[in-house]
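Here's the structure, in structure tokens; my notes come after.
In full-length UniProt numbering, the protein residues as written are 1 to 128.
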């Protein structure tokens with residue numbers, strides 16, 4: 001099975017597209033679906049998702065955790081050259097469709113304190 005990742009990133013009025021594809025293992029467990037793959041940096045990535053949230057854990061050094069909730073802002077931990085930084089994601093669109101084998105989410109990455117947006121994202125995951 002293959003995971004297709006398409007991400008539109010909007011930062012400072014500039015748009016960047018990221019298209020990636022990886023072999024993926026899909027595992028339903030309890031009320032979640034787990035997508036497990038190895039990225040281009042040879043890091044294991046686990047995406048845990050259901051109707052309400054998506055959590056993406058990248059087992060890098062240090063570990064990176066992105067969280068997206070359909071209704072509420074979520075705190076995320078991202079390694080940067082300055083160390084682990086705390087941000088928040090505000091999700092404006094979230095559709096989990098296991099029948100179509102897809103998740104689509106639009107979110108804004110913001111500083112933990114304040115409302116200034118760092119970037120806006122439109123992420124689509126498909127597995128087949």
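Just so it is clear, CB atoms sit at the ideal spot from N, CA and C, and this is done for glycine as well.
About 4 Å separates the beta carbons of residue 10 and residue 120, which is inside the 8 Å limit, making them a contact pair.
For residue 1, no beta strand (DSSP E) encloses it, and the DSSP letter there is neither H nor E.
For residue 82, the secondary structure class from DSSP, reduced to helix, strand or coil, is coil. Under the criterion of beta carbons closer than 8 Å, residue 124 and residue 107 do not qualify as touching, at roughly 12 Å. Rounded to the nearest whole angstrom, the C-alpha separation of residue 79 and residue 6 is 22 Å. In terms of Cβ geometry, residue 87 and residue 76 form a close pair [threshold 8 Å].
For residue 118, DSSP assigns no beta-bridge partner whatsoever. Distance between residue 53 and residue 92, taken at the CA atoms: about 12 Å.
By the CB criterion at 8 Å, residue 44 and residue 122 fall outside the cutoff.
Closest by C-alpha distance to residue 49, out of 116, 64 and 27, is 27.
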